[in-house]
Amino acid sequence: AQSVTQLGSHVSVSEGALVLLRCNYSSSVPPYLFWYVQYPNQGLQLLLKYTSAATLVKGINGFEAEFKKSETSFHLTKPSAHMSDAAEYFCAVSDHGSSNTGKLIFGQGTTLQVKP
Amino acid sequence: DVKVTQSSRYLVKRTGEKVFLECVQDMDHENMFWYRQDPGLGLRLIYFSYDVKMKEKGDIPEGYSVSREKKERFSLILESASTNQTSMYLCASHTEASGRKMFFGPGTRLTVL
Numbered sequence: 040a041q042s043v044t045q046l047g048s049h050v051s052v053s054e055g056a057l058v059l060l061r062c063n064y065s066s067s068v069p070p071y072l073f074w075y076v077q078y079p080n081q082g083l084q085l086l087l088k089y090t091s092a093a094t095l096v097k098g099i100n101g102f103e104a105e106f107k108k109s110e111t112s113f114h115l116t117k118p119s120a121h122m123s124d125a126a127e128y129f130c131a132v133s134d135h136g137s138s139n140t141g142k143l144i145f146g147q148g149t150t151l152q153v154k155p
Numbered sequence: 009d010v011k012v013t014q015s016s017r018y019l020v021k022r023t024g025e026k027v028f029l030e031c032v033q034d035m036d037h038e039n040m041f042w043y044r045q046d047p048g049l050g051l052r053l054i055y056f057s058y059d060v061k062m063k064e065k066g067d068i069p070e071g072y073s074v075s076r077e078k079k080e081r082f083s084l085i086l087e088s089a090s091t092n093q094t095s096m097y098l099c100a101s102h103t104e105a106s107g108r109k110m111f112f113g114p115g116t117r118l119t120v121l
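From first to last, the protein sequence lines are chains A and R. So for the first sequence, the working numbering puts the first residue at 40; every next one is plus one. So for the second sequence, the working numbering puts the first residue at 9; every next one is plus one.
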């Protein structure tokens, strides 16, 4: 069965510092992997996704994530945090297998705080 | 742009009431989903549907049922609402052709008193 673990429910960084949000997944077949962001009082929007092409995936707003099969990880990074990055971030996994009909399983979420 | 709409942003119901949450998408997506979002628990899948009249249980289906009579509409039903069903409910849809990019509705915050 698929599962996602996000390490750290809250991450705090200073403005301009590196952002690193951790995600580990469990999947029996090659996965699709996603990062979604939810800004305060807004809906979820896609940041980036991995679908078995390049292992380093670039997303919106300067975020990127690297798929590491050996570590079953898909950590999200941004070189320099901005105040507007403060939000909740969700990692999600979906199997390629045709039997699962594309359901996404989400992690518990990580709240990113950016300090001035 | 794909649009996923939900019938209510806020809903207050009493214990034991039957509750209907409606979701409509306008991009002919075959797959539709209902999640609930609770602090510290992330999004948990309640039910999903991959075609009209087809449905599958997610991780937390107890106390819920769904209906999909038309491709664009997916309804979540709480047969007898309970206080532990107070939550934010998110509807979403996607299609295989778009690489399973999920489009979310704005959510319905349900309070059961």
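Beta carbons: idealized from backbone N, C-alpha and C, even for Gly.
According to DSSP, is R:E104 part of a helix, a strand, or is it coil?
helix
Residues that R:D46 bridges to, as DSSP identifies them:
R:G50
Would you say R:L51 faces chain A, with C-beta separation under 8 Å as the test?
yes
By a C-beta neighbour count over all protein chains shown, 10 Å radius and 16 as the cutoff for buried, is A:T149 buried or exposed?
buried
Roughly how many angstroms lie between the CA atoms of R:E30 and A:G55, to the nearest whole one?
42 Å
What is the DSSP secondary structure of A:Q45, counted as helix, strand or coil?
strand
Option nearest A:K142 by Cα separation, candidates R:F56, R:S95 and R:G113
R:F56
Am I right that A:V76 and A:K88 are in contact with their C-beta atoms under 8 Å? What's the rounded C-beta distance?
That pair is no contact at about 13 Å.
Where A:N80 falls: helix, strand or coil (DSSP)
coil
Proximity winner among R:R117, R:I54 and R:G113, relative to A:Q84 (alpha-carbon distances):
R:G113
Tell me whether the stretch 47–62 of chain A and the stretch 80–87 of chain R touch, counting them as touching only if at least three CB pairs, one residue from each stretch, are closer than 8 Å.
no
Could you give the DSSP three-state label for A:T149: helix, strand or coil?
strand
Anything in the stretch 67–85 of chain R with a Cβ closer than 7 Å to a Cβ of chain A? List those residues in chain order, please.
none
Tell me whether R:T119 sits in a helix, a strand or coil according to DSSP, three-state version.
strand
Determine the closest residue to A:Q81 out of A:A40, A:A126 and A:E110, with distance taken between C-alpha atoms.
A:A126
Counting only Cβ pairs nearer than 7 Å, list the residues of chain R close to A:T90.
G107
Nearest-angstrom Cα distance between R:W58 and A:H121?
It should be noted that the sequence gives Tyr, not Trp, for residue 58 of chain R. Rounded to the nearest angstrom, the two C-alpha atoms are 39 Å apart.
Using the beta-carbon of each residue, which ones in chain R are nearer than 9 Å to A:K108?
Per Cβ cutoff of 9 Å: no residues; A:K108 is ~19 Å from chain R at best.
Check R:D59 in the structure and name its three-state DSSP category.
strand
Using a threshold of 8 Å, state whether the C-beta atoms of R:Y97 and R:T116 are closer than that.
yes
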